[in-house]
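Report on one structure; see the data block that follows.
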Amino acid sequence: MRTRFMSLLLALSMLVFLVGCTSDKNAPQDAETDSGKAAALPGQIEMIVPYSAGGGTDNAARIIADALSKKLGSKVIITNKPGASSEIGNQAIAEAPADGSVIGVLGVPDPEYLVATKETAFTMDDFYCLASYNLSMPMLIGKANRFNTLEEVFEYGKEHPGEITIGVGGGGPKVEAAILMSCGDFTATIVDFPGSADVSTALLSGDIDLACLTPSYLSTLEPEGCVPLVYFSELKMEPYTDVPTLMEKGFDVNVAHNPVVVIPASAPDEVVEVFQNALDEIGADPEIQEAFEAMNTSFTYMSGDELQTYMDDMNTLIGQIVEKYNDVFQ
804 MRTRFMSLLL ALSMLVFLVG CTSDKNAPQD AETDSGKAAA LPGQIEMIVP
854 YSAGGGTDNA ARIIADALSK KLGSKVIITN KPGASSEIGN QAIAEAPADG
904 SVIGVLGVPD PEYLVATKET AFTMDDFYCL ASYNLSMPML IGKANRFNTL
954 EEVFEYGKEH PGEITIGVGG GGPKVEAAIL MSCGDFTATI VDFPGSADVS
1004 TALLSGDIDL ACLTPSYLST LEPEGCVPLV YFSELKMEPY TDVPTLMEKG
1054 FDVNVAHNPV VVIPASAPDE VVEVFQNALD EIGADPEIQE AFEAMNTSFT
1104 YMSGDELQTY MDDMNTLIGQ IVEKYNDVFQ
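And the structure:
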């Protein structure tokens, strides 16, 4: 009897040991979907951000990654893959395994711009759009002691063709720079950077005259004398409501930025459903809303058909802008 008891105890100990050995960071984590089916996700999930650390898209991605880690029980790790106006990172997301081990955050409208202006290894159909949490209102910011008004920019630009330098960190800001030149009927030199954080640094150091950025950077730029000149979007952010919009200046322009969480389009439905449910719950969390509003962005949660319609409309808009200002993108 004692021998049988010891044998059973040994067997149970071995089972506990084996279970413990499989509980590593890469072990699949079961997440329940609304349909009752459990989709196994890896214990560690990579979230690719196509920009440098410290930029607006990266900051938004880190809020989402932390929240997803808690919801899914899997550690979501940020991987920054900047370069080529976000093309490198976008392609990495499109070509990633579709098993839930990799998701990404697109900096809309950058990928639409890339697809509209060049031959890329990815298309927008390579991504399934899951969620978007915030809307950033892009603006033109001038370096200290250079320009104080939009009118000054236009006047100087006409008198000194090509002399003004405009820093951009991605395709969306490049579209904004093209719009600016079209509105002011002048030419400038567009300077590409890996990400918005790099643009901000260049503006602070005086390496560029103007920057296409969002209000989230003004907390560090304004104390150094940099001046917000105009919004490209129709909406404004507190406390910068005194800054004019291009629409208020008489130009029919309304452009915004938003990070969009995506997964490779070929991901299985049950994997998509797990992420979608988690992201929807995160979108309803008041603490998440506060975190995004603390970044000087407008909390605007979208998913499902609403998000897809938004993406389709943005794709159409960018195509029209690129066609209209084709000479700028040559």
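Under the numbering used here, the residues of the sequence shown are numbered 804 to 1133, in order. Glycine residues also receive a C-beta, built at the ideal position from the N, C-alpha and C atoms. Quantities reported herein were computed from a predicted structural model and do not represent experimental measurements.
Item                                                                                                                                                               : Value
Could you tell me the distance, in whole angstroms, from the CA atom of A1068 to the CA atom of Y931?                                                              : 5 Å
Can you tell me whether DSSP reads V1058 as helix, strand or coil?                                                                                                 : coil
Out of N937, G1009, V1033, which has the shortest C-alpha to C-alpha gap to I967?                                                                                  : G1009
How is I1066 classed by DSSP in three states: helix, strand or coil?                                                                                               : strand
What's the call for N1129, buried or exposed, on a 16-neighbour Cβ count within 10 Å?                                                                              : exposed
Spatial neighbours of G998 within its chain, please: CB distance less than 6 Å, with the 5 preceding and 5 following residues excluded, ordered by chain position. : Y854, S855, G858, P885, G972
Quick check on G910: buried or exposed, where buried means 16 or more other Cβ atoms within 10 Å of its Cβ?                                                        : buried
Rank T923, V879, G876 by C-alpha distance to the C-alpha of A895 and give the top, closest one.                                                                    : T923
Going by C-alpha distance, which of F950, V905, E1025, Q1111 is nearest I880?                                                                                      : V905
Considering only their Cβ atoms, is the gap separating A991 from G965 smaller than 8 Å?                                                                            : yes
Considering only DSSP beta bridges, list what I867 is partnered with.                                                                                              : Partner(s): none; I867 has no beta bridge.
Mind checking which residues open and close the beta strand (DSSP E) that includes F1102?                                                                          : 1101-1106
What does the alpha-carbon distance come out to for the pair R949 and C986?                                                                                        : 20 Å
For the putative contact between L1006 and K946, defined by C-beta atoms under 8 Å, what is the C-beta separation to the nearest angstrom?                         : 5 Å
One question on the structure: do N1099 and P1018 come within less than 8 Å of each other, judged by their Cβ atoms?                                               : yes
According to DSSP, simplified to helix, strand and coil, what is D995?                                                                                             : strand
Tell me whether E979 is buried or exposed, calling it buried when 16 or more other Cβ atoms sit within 10 Å of its Cβ.                                             : buried
Determine the DSSP secondary structure at K1052, reduced to helix, strand or coil.                                                                                 : coil
Let me know the secondary structure DSSP gives Y1034 once reduced to three states.                                                                                 : strand
Within the stretch 898-974, note down every full alpha helix (DSSP H) run reaching 4 residues or more, in order along the chain.                                   : 913-920, 953-962
Would you grab the beta carbon distance between G974 and S889 for me? Rounded to a whole angstrom, and I think it's under 8 Å.                                     : 7 Å
Closest to N937 by C-alpha separation, out of P845, E962, E1126, I867, would be which residue?                                                                     : I867
Check whether the Cβ atoms of V1074 and G876 sit closer than 8 Å, and answer yes or no.                                                                            : no
Determine the closest residue to K874 out of T1119, A901, Q1079, D988, with distance taken between C-alpha atoms.                                                  : Q1079
Could you give the first and the last residue of the continuous alpha helix (DSSP H) run that contains T1023?                                                      : 1021-1024
Which same chain residues end up closer than 6 Å to L953 when comparing Cβ atoms and leaving out the 5 residues on each side of it in sequence?                    : L1032, V1033
So, is D988 buried or exposed, given that buried needs 16 or more other C-beta atoms within 10 angstroms?                                                          : exposed
Of the choices V1046, P976, E962, Q1123, whose alpha-carbon is the least far from that of A1014?                                                                   : P976
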